[in-house]
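**Q**
Residue numbers (the working numbering): 291 to 513.
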């Protein structure tokens with residue numbers, strides 16, 4: 291796995307293949323719109339990480355579309371090392387590889403944060419007190435976790451999923467790990483279901499138009 295020597299940290303963005311991702315949208319959002327939304331949000335997250343500029347970035351897993359998008363951004367892409375065992379295993383393996391190749395900390399970000407801004411990532415790293423503290427951010431809707439910065443010397447395997455924020459919080463506190471909890475606008479909302487999608491169409495700037503642009507990109511990339 292390539293690693294930039296210019297950065298102390300690595301940001302890991304795990305993804306599923308487009309055909310499998312955001313399955314809760316499948317009943318009411320057509321396949322092309324769903325896939326375009328996934329790519330649009332991933333594009334936004336990668337762009338924001340690049341704007342922050344002080345962390346290496348890897349997109350983990352997905353398919354040829356995800357790989358192509360990572361390549362367009364000139365960020366690392368790696369296949370999911372454990373495609374059949376779930377998100378936490380593949381994320382942990384990639385964290386450990388990152389530590390071995392020199393990362394002093396890893397930042398997990400999901401690829402479905404349409405409101406994320408550079409200021410959110412600024413706040414994550416500020417709250418880490420120069421990578422001395424673990425930092426977590428809570429998803430408003432389901433008690434999930436929408437960011438985890440872990441210094442290598444404090445790292446534990448993530449427990450992402452329903453109500454994971456309280457699990458992570460308790461794990462770190464019970465192990466006497468210095469912890470910062472942040473609450474920023476861009477890290478609260480992740481897009482999972484029909485209600486989220488409809489809210490984004492109404493409230494996220496240019497969401498509808500960008501869906502159309504990414505549909506065109508999918509068709510072009512497919513040919």
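Don't be surprised by glycine CBs; every beta carbon is placed ideally from N, CA and C.
Could you check what DSSP says for residue 398 in three-state terms: helix, strand or coil?
**A** Your numbering for residue 398 matches position 108 in the chain shown. Strand.
**Q** Report the partner residues of residue 300 according to the DSSP bridge assignment.
**A** By 1-based counting over the chain shown, the position of residue 300 is 10. Note: residue 300 sits in a beta bridge opposite 346 and 396.
**Q** Taking one C-beta from the segment 398–412 and one from the segment 338–357 each time, how about it: are there three or more such pairs within less than 8 Å?
**A** Enough Cβ pairs lie closer than 8 Å, so yes.
**Q** Reducing DSSP to helix, strand and coil, say where residue 366 ends up.
**A** Your numbering for residue 366 matches position 76 in the chain shown. Strand.
**Q** Over what stretch of residues does the beta strand (DSSP E) that includes residue 427 continue unbroken?
**A** Taking the chain shown and counting its residues from 1, the one referred to as residue 427 is at position 137. That run of the beta strand (DSSP E) goes 424–428.
**Q** What three-state label does DSSP hand residue 481 in the structure shown?
**A** Counting from 1 along the chain shown, the entry for residue 481 is found at position 191. In the structure shown, residue 481 sits in coil (DSSP, three-state: anything other than H, G, I, E or B).
**Q** Return the chain-ordered list of same chain residues with a C-beta closer than 8 Å to the C-beta of residue 380, the five sequence neighbours on each side being excluded.
**A** Against the chain shown, residue 380 aligns to sequence position 90. Cβ neighbours of residue 380 beyond the five flanking positions: 304, 350, 351, 370, 371, 372 and 373.
**Q** Taking the alpha helix (DSSP H) that residue 375 belongs to, which residues open and close that run?
**A** Your numbering for residue 375 matches position 85 in the chain shown. Where residue 375 is concerned, there is no enclosing alpha helix (DSSP H), given that its DSSP letter is neither H nor E.
**Q** Buried or exposed for residue 319, going by 16 or more other Cβ atoms inside 10 Å?
**A** One-based indexing of the chain shown puts residue 319 at position 29. Classification for residue 319: buried.
**Q** Determine the extent of the alpha helix (DSSP H) in which residue 453 is found, giving its start and end residues.
**A** By one-based count along the chain shown, residue 453 stands at place 163. Note, residue 453: premise wrong, no alpha helix (DSSP H); not H, not E.
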